[in-house]
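Under this note's numbering, the first residue of the sequence shown carries the number 2, and numbering increases by one thereafter.
Some notes on the structure that comes next.
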Amino acid sequence: MATKFDAIVVGAGPAGATAAYKLAEAGIKTLLVERGRGRGSKQVFGGRIYVTPVREVFPDVEKTAPIHRWVKREKISILHNSRILSLEYESPEKHSFTTYLTEFTSWIVDKAINAGAVYVDEVRVDSIVEEDGRITGIEAGGERIEASIVIDAEGVNRLLLEKLGLAERLSPEEVALGAKEVIKVGADKINERFGLEEDSGLAWLLVGEPTDYLPGGAFIYTNRDSVSIGVVVYLATAVKKAREEIYRLVEKLRLHPQLRQYWEDGDIIEYSAHLTIESGRRFMPRKLATSGLIVVGDAAGLLLNTGYTFRGVDYAVYSGYLAAEAAKKAFNLGDFSEETLRENYEKKLLGSFIAKDLRNHTGVEQIMHEVEFFEKYPVVAIDTARKLFELGYETPRIQEALRSSLKTHHINLLSFLYKMFKMVRKL
Ligand SMILES: Cc1cc2nc3c(=O)[nH]c(=O)nc-3n(C[C@H](O)[C@H](O)[C@H](O)COP(=O)(O)OP(=O)(O)OC[C@H]3O[C@@H](n4cnc5c(N)ncnc54)[C@H](O)[C@@H]3O)c2cc1C
Numbered sequence: 002m003a004t005k006f007d008a009i010v011v012g013a014g015p016a017g018a019t020a021a022y023k024l025a026e027a028g029i030k031t032l033l034v035e036r037g038r039g040r041g042s043k044q045v046f047g048g049r050i051y052v053t054p055v056r057e058v059f060p061d062v063e064k065t066a067p068i069h070r071w072v073k074r075e076k077i078s079i080l081h082n083s084r085i086l087s088l089e090y091e092s093p094e095k096h097s098f099t100t101y102l103t104e105f106t107s108w109i110v111d112k113a114i115n116a117g118a119v120y121v122d123e124v125r126v127d128s129i130v131e132e133d134g135r136i137t138g139i140e141a142g143g144e145r146i147e148a149s150i151v152i153d154a155e156g157v158n159r160l161l162l163e164k165l166g167l168a169e170r171l172s173p174e175e176v177a178l179g180a181k182e183v184i185k186v187g188a189d190k191i192n193e194r195f196g197l198e199e200d201s202g203l204a205w206l207l208v209g210e211p212t213d214y215l216p217g218g219a220f221i222y223t224n225r226d227s228v229s230i231g232v233v234v235y236l237a238t239a240v241k242k243a244r245e246e247i248y249r250l251v252e253k254l255r256l257h258p259q260l261r262q263y264w265e266d267g268d269i270i271e272y273s274a275h276l277t278i279e280s281g282r283r284f285m286p287r288k289l290a291t292s293g294l295i296v297v298g299d300a301a302g303l304l305l306n307t308g309y310t311f312r313g314v315d316y317a318v319y320s321g322y323l324a325a326e327a328a329k330k331a332f333n334l335g336d337f338s339e340e341t342l343r344e345n346y347e348k349k350l351l352g353s354f355i356a357k358d359l360r361n362h363t364g365v366e367q368i369m370h371e372v373e374f375f376e377k378y379p380v381v382a383i384d385t386a387r388k389l390f391e392l393g394y395e396t397p398r399i400q401e402a403l404r405s406s407l408k409t410h411h412i413n414l415l416s417f418l419y420k421m422f423k424m425v426r427k428l
């Protein structure tokens, strides 16, 4: 391997692979380094990617990407005491698709390799080298490799940024833990059991029983012939309140009496767990670029979790693309200074839909820490629905059903209304 490249990208997730592809496509000699064995082996996600930003970067996404199903049905449910209260939305439009992240990332890595990038895996970058206040390359396995620019796409753990003093050590308040199983069921059974058409899919978010009432949520995504199921819990509260290990929650979700019919007779083909960011805005490093370095994807805190949707992969792809554009400009100018990179990358990113999303939803993580939303309100919602739908002689008004459920669970009506208003404003 040559010991000098024009650009080095650390981490072949969606962010790093996109940056490497766009750099190599522009004729920049690029090295893409991944510590995992095989493509995507270290990456975990729930199951769906929003297509619009990805299409801007990869216009062929709909034709050539490994798309399993287009999400045409959204469902949010509360599960409690053998009852399910759901909100469903159906649309014929193609806004997001399900896939395996490993397949999606491999698709981008292949593009990078075909464009001329050098890709190596099973190599862990030990440090990003800084000399005289400027990033000059990386160190891996005792070897130093130089480059004019390094793109840090190492994901949520960001140990390299920590070493450089650009990010703080991870704290439980900032991250959530996700665990997931993929169950192979067969395409026909999925269509029949979920009531889906051939290429259409379902994204289903659940709270209440599936997370043992912990702050967080459970998810179910239908892939081509498999179903991804999993749980994400906020680490700070889970550490204090969890009554069992998170993998047990996934197991319980799989065995849930009202859900298991969907994947009955299926085979578990994958189990994975990973940390994820709770609040992107708080998680952002102080600077997104310094002299000779650009930070992208999860490492830059680019993730939005509103509870009803998760956006990380499309943000990762888009930030990788913006980083490559900024690096290309730097090569044209022959200027890799902090000012130039911040002007051409950080400023663009902070002016993009990603930063706007993160700003708009600032504070959503506070909601996610309010145990009432996960412990008490789901129970109140089910109790109210029970009073309205499971009728005997009398038919209560909605207001009566709600008031009486709140009273049963010792919740003050005004505090309930205030918290609901706060939640609606943040989401
Ligand atoms: C449970 C869960 C569910 C999620 N659901 C969704 C979803 O449905 N939709 C969505 O859009 N997003 C989802 N996300 C978020 C999404 O997975 C991330 O936002 C996205 O993968 C970030 O991409 P990235 O390239 O920045 O980082 P990653 O995908 O984490 O990739 C980073 C890569 O860097 C490599 N690396 C790290 N350190 C080094 C090193 N020192 N040397 C070499 N290589 C290194 C890692 O091995 C890894 O391959 C979910 C996340 C989790 C955990």
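For every residue, glycine included, the Cβ atom is placed at its ideal position computed from N, Cα and C.
Note that the structure is a prediction, hence the values are computed from the model and not measured.
Span of the beta strand (DSSP E) holding residue i?
i      : result
Val119 : 119-121
His275 : 268-278
Lys181 : 176-185
Phe6   : 5-11
Gly17  : First-last for Gly17: 15-26, but that is the alpha helix (DSSP H), not the beta strand (DSSP E).
Ala141 : 135-141
Ala148 : 144-153
Can residue i be considered in contact with ligand 1, in the sense that its beta carbon sits closer than 7 Å to one or more heavy atoms?
i      : result
Lys95  : no
Asp315 : yes
His69  : no
Gln44  : yes
Ala298 : According to the sequence shown, residue 298 is Gly rather than Ala. Yes, the Cβ of Gly298 comes within 7 Å of a heavy atom of ligand 1.
Glu175 : no
His275 : yes
Arg312 : yes
Leu102 : yes
Ile50  : yes
Leu161 : yes
Val233 : yes
Arg36  : yes
Ala154 : yes
Gly1   : The first residue shown for the chain is 2 and the last is 428, placing residue 1 beyond what the model contains.
Asp283 : For the record, residue 283 in the displayed sequence is Arg; it is not Asp. Checking the Cβ of Arg283 against ligand 1 gives no.
Hey, out of the options, whose CA is closest to residue i's CA?
i      : options                        : result
Lys43  : Val318, Gly302, Ala13, Thr223  : Ala13
Asn413 : Glu373, Ala239, Leu392, Glu395 : Glu373
Glu366 : Glu193, Ser416, Tyr322, Thr307 : Thr307
Ile152 : Lys427, Ile85, Asn82, Thr291   : Thr291
Ser97  : Leu415, Glu104, Ile68, Val240  : Ile68
Gly41  : Phe332, Glu104, Tyr90          : Glu104
Gln262 : Glu193, Arg225, Val58, Asp7    : Glu193
Glu175 : Phe59, Ile278, Phe6            : Ile278
Lys95  : Lys329, Leu418, Val55          : Val55
Ala325 : Lys5, Phe6, Ile29              : Ile29
Ile191 : Leu304, Arg70, Pro211          : Arg70
Tyr248 : Phe284, Glu182, Tyr120, Lys5   : Glu182
Gly231 : Ser149, Ala27, Leu250, Arg74   : Leu250
At what residues does the alpha helix (DSSP H) containing residue i begin and finish?
i      : result
Phe354 : 354-361
Asp315 : 314-334
Gly248 : What sits at residue 248 in the sequence shown is Tyr, not Gly. Note, Tyr248: alpha helix (DSSP H), 247-256.
Trp108 : 102-115
Tyr419 : 414-427
Ser406 : 399-409
Asp384 : 378-390
Thr341 : 339-342
Val62  : 62-65
Ile191 : 188-195
Can you list, in chain order, the residues of its chain with a C-beta nearer than 6 Å to that of residue i? Leave out the 5 residues immediately preceding and following it.
i      : result
Arg36  : Arg125
Met421 : none
Tyr214 : Phe375, Glu376
Tyr118 : Before going further, note that residue 118 is Ala rather than Tyr in the sequence given. Same-chain partners within the cutoff: Ala21, Ala25, Thr31, Leu33.
Met2   : Because Met2 carries a pLDDT of 49, less than 50, the predicted location of this residue cannot be relied on, and no value is offered for it.
Sorted by chain position, which residues of the same chain lie with C-beta nearer than 8 Å to residue i's C-beta, five sequence neighbours on each side aside?
i      : result
Ala141 : Val34, Val124, Arg125, Val126, Asp127
Lys377 : His410, Ile412
Lys76  : Ser87, Leu88, Glu89, Tyr90, Leu203, Ala204, Trp205, Leu206
Val318 : Pro15, Ala16, Thr19, Pro54, Val55, Val58, Phe59, Ile109
In the DSSP assignment, what are the bridge partners of residue i?
i      : result
Gly217 : Val234
Phe311 : Asn306
Ser87  : Ser78
Tyr51  : Ser97
Leu203 : Arg74
Leu33  : Val10, Tyr120
Ile68  : Ile68 is not bridged to any residue.
Tyr222 : Ala204, Ser229
Thr291 : Leu294
So, for residue i: in the same chain, excluding its five sequence neighbours on each side, which residues have a beta-carbon less than 7 Å away from its beta-carbon?
i      : result
Lys154 : First, the residue type needs correcting, since residue 154 is Ala and not Lys in the sequence shown. Val10, Val11, Gly12, Gly14, Ala16, Gly17, Ala20, Val297, Gly298, Ala300, Gly321, listed in sequence order.
Lys185 : Asp226, Ser227, Gly267, Asp268, Ile270
Arg387 : Arg84
Lys330 : Asn345
Asp315 : Ile50, Tyr51, Pro54, Val55
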